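Inspection log for the structure reproduced underneath, given as structure tokens.
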Amino acid sequence: MPHEVRGVVAAKKGAPVEVQTIVVPDPGPGEVLVSVQACGVCHTDLHYRDGAVGDGFPFLLGHEAAGTVEAVGEGADGLRPGDYVVIAWRAPCGTCRSCLRGRPWYCFDSRNAAQSMTLLDGTPLTPALGIGAFARKTLVAAGQAVKVDPAARPEAAGLIGCGVMAGYGAAVHTGGVRRGDTVAVIGCGGVGCAAIAGAALAGARRVIAVDVDDAKLDGATRFGATDTVNSRGTEPVAAVRGLTGGFGVDVAIDAVGIAETYRQAFYMRDHAGTLVQVGVPDPATTVELPLIDLFSRGGALKSSWYGDCLPTRDFPILVDQYVRRRLDLGAFVSERIALDEVEAAFDRMRDGKVLRSVVVL
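Each residue of the sequence shown is one higher than the one before, starting from 1 at the first, in the UniProt record's numbering.
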């Protein structure tokens with residue numbers, strides 16, 4: 001029997017979001033119905049609202065979510081009602097060319113629920129990143145619901161579903177930060193701070209946070225930054241090199257995604273160092289670099305997709321780190337809000353006043 005619940009809908013490009021009644025079907029084969037307990041407000045939701053992620057309006061927003069399985073469809077193996085889960089937007093298919101080559105974190109056919117959630121009049125909703133969790137219930141593919149330790153508070157655990165995993169994975173998986181490395185992270189929002197935390201947990205001996213906001217830089221130290229650089233008044237490449245004996249860092253992470261910060265990260269690297277871009281760029285952004293610098297400096301230039309993660313492997317690990325008090329997920333939660341406060345939370349996000357607002361249901 002379909003379920004009618006309240007959800008946050010972006011009805012048309014650039015318009016304020018609305019809380020509307022939506023219809024969530026019972027799970028079909030390979031699907032699960034999740035009762036959402038908390039869901040973070042991510043920049044990607046704002047991109048959907050503003051029409052920067054396709055034109056599939058109306059969108060049902062929300063994708064950084066934790067909750068409990070309410071019902072399972074046929075074939076949803078390994079899950080049962082009551083299981084505590086974090087929802088992933090990557091659920092590897094197991095059969096595409098990437099999965100078959102042993103690289104499921106690059107799956108080309110990630111699974112989502114086959115049935116649509118709708119408005120009351122039957123209009124299909126496009127769920128953000130295949131999740132749509134700014135609602136009391138959501139329908140996802142079974143592979144998207146990853147069981148984790150129920151000791152983790154949902155407003156903290158849900159953030160692993162996107163921003164924390166993206167940043168942590170950019171450092172640990174894509175960047176391959178190892179014990180004794182030096183690391184610079186440009187941009188100390190939620191993703192950047194997660195990259196800082198990942199680098200610190202991996203054993204980096206120096207983690208340099210770069211931002212234009214002193215308050216964000218102060219916050220970055222809570223996640224493991226050993227040094228901070230305010231690039232509003234200081235040339236950041238020179239500052240990072242000055243902190244590393246003139247050499248530059250082993251891994252430079254651009255968590256902003258604009259041409260200027262990409263170039264800064266490129267030149268912050270030591271010889272043969274690694275650059276990781278995890279900040280989502282505007283589609284129109286381009287970068288120009290001298291080809292001789294690309295050749296002579298060596299190293300690797302990488303883009304990090306979802307922290308190159310495998311949710312079934314990595315979500316439980318990060319939750320365990322949180323439960324053991326080695327990863328302070330609670331520090332990412334700036335405020336707890338209701339469904340009808342999401343639009344105002346977008347404003348605070350634009351102004352850089354929060355790491356994460358979290359809708360608690």
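Ideal Cβ placement from N, Cα and C applies to all residues, glycine included. This one's a predicted model, so the numbers in the text were calculated from it and none came from an experiment.
Contact under 8 angstroms by Cβ, residue i with residue j
i	j	result
Tyr306	Ala128	no
Val8	Leu339	yes
Lys147	Glu70	no
Val319	Asp149	yes
Ala215	Thr228	no
Val342	Phe134	yes
Gln144	Arg111	yes
Phe108	Arg101	no
Arg90	Pro290	no
Ala197	Gly224	yes
Ala156	Val333	yes
Gly51	Lys13	yes
Leu60	Gly132	yes
Val240	Asp181	no
Gln20	Thr68	no
Length of the line joining the Cα atoms of residue i and residue j
i	j	result
Leu355	Tyr168	15 angstroms
Pro154	Ala259	36 angstroms
Phe315	Val86	8 angstroms
Leu217	Leu243	16 angstroms
Ala113	Arg6	19 angstroms
Gly257	Met1	44 angstroms
Phe247	Gly163	30 angstroms
Glu235	Thr261	12 angstroms
Pro25	Glu288	49 angstroms
residue 362	Leu301	Outside the modelled stretch of the chain, which goes from 1 to 361, sits residue 362, for which no answer is possible.
Ala152	Ile292	49 angstroms
Ile208	Gly122	51 angstroms
Ala265	Ser304	14 angstroms
Asp213	Asn230	7 angstroms
Ala344	Ala15	13 angstroms
Ala142	Val72	8 angstroms
Ala272	Val23	53 angstroms
residue 363	Gln115	Outside the displayed range of the chain (1 to 361) lies residue 363, so it cannot be described from this structure.
Glu4	Gly54	26 angstroms
Pro92	Arg313	12 angstroms
Leu275	Pro27	42 angstroms
Whole-number beta carbon distance between residue j and residue i, since they are thought to touch under 8 angstroms
i	j	result
Val41	Met268	Rounded, the Cβ-Cβ distance is 30 angstroms, inconsistent with contact.
Gly192	Ala255	4 angstroms
Val249	Ala195	Not really, about 12 angstroms apart at Cβ, beyond 8 angstroms.
Asp308	Trp105	5 angstroms
Gln321	Leu201	7 angstroms
Cys39	Val359	5 angstroms
Asp211	Gly187	6 angstroms
Practice prompt. Could you name each continuous beta strand (DSSP E) segment of 3 residues or more that falls completely within the segment 107-149, going from the start of the chain to the end?
Written response: 137-141 and 145-147
Worksheet item: Counting only runs that start and end within the segment 16-80, where is the alpha helix (DSSP H) found for 4 or more residues in a row?
Response: 43-49
Practice prompt. Assess, as a yes-or-no matter, whether the segment 293-305 is touched by the segment 126-143 under the definition of 3 or more beta carbon pairs within less than 8 angstroms.
Written response: no
Fill in: Inside the segment 298-347 only - alpha helix (DSSP H) runs reaching at least 4 residues
311-323
Practice prompt. Mind the definition here: the segment 70-80 touches the segment 20-37 only if three or more C-beta pairs lie below 8 angstroms; say whether that holds.
Written response: yes
Worksheet item: What alpha helix (DSSP H) runs, 4 residues minimum, are completely inside the segment 211-282?
Response: 214-222, 236-243 and 259-268
Item to complete: Let me know the beta strand (DSSP E) ranges lying completely inside the segment 171-198, each 3 residues or longer, listed in chain order.
Response: 182-186
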